Amino acid sequence: MKKLMMRRNGLFLLGAVCGLTVSVCSLGLSGCGGGGKDAVTRIQENGSFRVAFGDLSDMALADGEQAVEMALAETIGAELGVTVEFLPAESSQAALALVAEGNADAALGAVTEAMAGEAGLSVSIPYGEDKLYVVTRRGDYSDSPGAFSGRSIGVLPSVSAAAESIASGDETIQAAAFTDGGAGTRALLSQSIDGLVCSYPEGIALLEVYEGQLQMQNLQNTAPQEYVIAVNAGENRLISGINTMIGRQLDGGGTGR
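By our numbering, the letter at position 123 of the sequence shown is numbered 104, and the numbering carries on one by one without gaps.
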């Protein structure tokens, strides 16, 4: 799956998505029991599970295979007994906004717990994780928080949860938040910051745009970024069923890349 590897280099998927055979009643995602029109009931009445997908173009089908996160959404749809409607969004934040506005039932695609919390949404347990990367000026091989001691580092929204861990234990590291890679890179090239923490696909995109001016390293000695599925707050039956499904994948012992 070449495109997926470009989209999530180093991603560790917590269990195999395909081939999951469970009782829909046991997951709470069927019409078995439960009253009131919660998300599960509404989804089944509509016959469609609307999934907002951040940057869907990078998650497109490759070589006849589904990207892993798309397959996860399809599995949830199958357990609900409905079709899955993918709603492309420009970013993970845009995908979360679709859920918050009631225009989607769930959001995934590089969604973190911190991002979902800022949008007022509930989240599943993590289904996968990815390494953090840092973009630096050409010739600067700094690849750990320690290498930025006494220096400054920028952080993009997609890895905002990393800012605290990067600067923890070293008050001399100045962390600054940037809304997008372009703004962060301009600060980097003007030497306002010394590194820009990002996801793998964001870093690759910046290297292509600023060819020859930047380089990227895996950021060592940092916790990986964990990815979750976000739904509207209070939709306990839906999130419980999704958690059960992810948990059974974990118990199955499958691994991703």
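Virtual Cβ for every residue (Gly too), placed ideally from N, Cα, C.
Owing to the predicted nature of the structure, the values given are computational and were not obtained by experimental measurement.
First through last residue of the beta strand (DSSP E) which encompasses residue i
i	result
A128	No beta strand (DSSP E) contains A128, which DSSP labels as neither H nor E.
R31	S29 to G35
I134	S133 to V136
Q196	L195 to N199
A87	A87 to L89
Y208	Q206 to Y208
Euclidean distance between Cα positions of residue i and residue j
i	j	result
F129	Y191	22 Å
G246	E66	Shown here, the chain extends from -18 to 238; a query on residue 246 therefore has no answer.
Q194	C179	17 Å
A100	A85	14 Å
L102	V212	6 Å
I227	I24	20 Å
S72	A97	13 Å
G176	V21	44 Å
G120	G222	48 Å
E189	S29	38 Å
Y122	K112	17 Å
G90	L187	19 Å
A156	V63	44 Å
L79	A214	13 Å
D232	T225	10 Å
I154	I147	8 Å
Y108	S171	38 Å
R132	S173	10 Å
Assigned exposure category for residue i - 16 Cβ within 10 Å defines buried
i	result
G163	exposed
E50	buried
T93	buried
Q74	buried
Y208	buried
S183	As written in the sequence, residue 183 is Glu, which differs from the Ser given in the question. Looking at its Cβ environment, which holds 16 or more other Cβ atoms inside 10 Å, E183 is buried.
E271	Residue 271 is absent from the structure shown; the chain starts at -18 and stops at 238.
S38	Unreliable positioning characterises S38 in this predicted model, as indicated by a pLDDT of 44, which lies under 50. The coordinate reading is nonetheless provided below. Counting Cβ neighbours within 10 Å, S38 comes out exposed, since fewer than 16 surround it.
T56	buried
Q206	buried
G83	exposed
C13	Any answer about C13 is weak, because its pLDDT of 49 lies below 50 and its placement is not dependable; what the coordinates show is given next. Per the 10 Å Cβ criterion, exposed.
S105	buried
Coarse secondary structure for residue i, derived from DSSP in three states
i	result
P244	Residue coverage of the chain in this structure runs from -18 to 238, which leaves residue 244 outside it and unanswerable.
A168	helix
P69	strand
S141	coil
Q155	strand
A78	helix
N217	helix
V21	helix
R229	helix
Span of the alpha helix (DSSP H), counted from its first residue to its last, around residue i
i	result
P182	Y181 to V190
V116	Where V116 is concerned, there is no enclosing alpha helix (DSSP H), although the beta strand (DSSP E) it sits in stretches over Y114 to R118.
L53	V49 to L61
G98	E94 to E99
Counterpart residues of residue i in DSSP-defined beta bridges
i	result
I223	None; I223 has no bridge partner.
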